[in-house]
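Chemist: I have a structure here, written as structure tokens, and I will follow up with some questions on it.
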Amino acid sequence: MQSTRLLAGLGLALCLGSSLVLAGPSHEQDDWRYRDARGPAARDSHAEERPPADFGPLRESIREHRHDIGRGPALPAHVRIVKGKRLPSGWGSRLSAGQLHHLPQYRGYEWRRAGSSLVLVDSRRGTVQEVLHGVLD
8 MQSTRLLAGL GLALCLGSSL VLAGPSHEQD DWRYRDARGP AARDSHAEER
58 PPADFGPLRE SIREHRHDIG RGPALPAHVR IVKGKRLPSG WGSRLSAGQL
108 HHLPQYRGYE WRRAGSSLVL VDSRRGTVQE VLHGVLD
């Protein structure tokens with residue numbers, strides 16, 4: 008009697024456990040929850056570690072795609088975005104996945120748009136790493 012209950016309990020546990028395994032996402036398929044709107048090349052594992060010292064070549068690439076990225080709201084005269092300082096609160100709009108597709112991604116940094124400029128911001132501290140003035144004109 009006791010062995011029958013034990014076998015029935017083990018059988019039930021085996022059935023429930025196997026259904027949980029089958030219900031999980033398949034590793035053979037590309038799960039939509041892990042897809043990135045910018046494609047597989049833009050996932051975090053492919054993000055560059057640090058921003059470059061020279062943004063010259065990047066400026067040219069951005070100018071070629073400035074119509075796809077678009078300008079942000081104009082900054083008032085009293086707002087200054089300074090490299091090494093915090094981005095002023097409320098300024099610098101985030102870019103959509105389609106706009107970010109045209110920009111390189113750096114781990115720990117995010118791009119913001121302020122008027123005709125692009126701003127690279129340290130996402131942990133909120134400090135401005137680089138300001139690319141007028142690249143969206």
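The sequence shown maps to residues 8 to 144 in the numbering used here.
By construction, the Cβ of each residue, glycine as well, lies at the ideal position given by its N, Cα and C atoms.
#1: Quick one: what does DSSP say His140 is sitting in, helix, strand or coil?
#2: Can you look up Ser124 in the DSSP assignment and give me helix, strand or coil?
#3: In whole angstroms, what is the alpha-carbon distance linking Asp43 and Pro111?
#4: Ignore the nearest five residues each way along the sequence and tell me which others in Tyr4's own chain have a CB closer than 7 angstroms to its CB.
#5: Spatial neighbours of Val142 within its chain, please: CB distance less than 8 angstroms, with the 5 preceding and 5 following residues excluded, ordered by chain position.
#6: Per DSSP, what are the beta-bridge partners of Ser100 in this structure?
#7: Is Arg159 helix, strand or coil by DSSP?
#8: Among all the DSSP beta bridges, which residues are the ones paired with Thr7?
#9: State yes or no: is the C-beta of Val126 nearer than 7 angstroms to some heavy atom of the ligand COA?
#10: Is it buried or exposed for Ala84, if we count other Cβ within 10 angstroms and need 16 for buried?
#11: Closer than 7 angstroms by C-beta to Ala121: which residues in its own chain qualify, once you throw out the five before and the five after it? Chain order, please.
#12: So, Arg101 versus Arg119, is the Cβ gap smaller than 8 angstroms?
#13: Taking the continuous alpha helix (DSSP H) assigned at Gly63, which residues delimit it?
#14: Could you tell me the alpha carbon to alpha carbon distance between Pro95 and Arg132, rounded to whole angstroms?
Modeler: The relevant details are as follows:
#1: In the structure shown, His140 sits in coil (DSSP, three-state: anything other than H, G, I, E or B).
#2: Correct three-state label for Ser124: strand.
#3: The predicted model places Asp43 with a pLDDT of 41, which falls under 50 and marks its position as unreliable; any figure quoted below should be read in that light. Looking at the two C-alpha atoms, the distance is approximately 14 angstroms.
#4: Only positions 8 to 144 of the chain appear in the structure, and residue 4 is not among them; the question remains open.
#5: Short of 8 angstroms from the beta carbon of Val142, and not among the five residues preceding or following it, lie these beta carbons of its own chain, in chain order: Arg66, Ile69, Arg70, Arg73, Ser123, Ser124, Leu125.
#6: Under DSSP, Ser100 takes part in a beta bridge, and its partners are Arg120.
#7: Given a span of 8 to 144 for the chain in the structure shown, any question on residue 159 remains unanswerable.
#8: The displayed coordinates of the chain run from 8 to 144. Any statement about residue 7 would go beyond what the structure contains.
#9: This structure lacks the ligand COA, and indeed carries no ligand of any kind.
#10: It is exposed - the Cβ of Ala84 has fewer than 16 other Cβ atoms within 10 Å.
#11: Closer than 7 angstroms at the Cβ level, and outside the excluded window around Ala121, lie Gly79, Leu82, Ile88, Trp98, Gly99.
#12: The criterion of a C-beta distance shorter than 8 angstroms is satisfied by Arg101 and Arg119.
#13: Where Gly63 is concerned, the enclosing alpha helix (DSSP H) stretches over 63-71.
#14: Roughly 12 angstroms separates the two Cα atoms.
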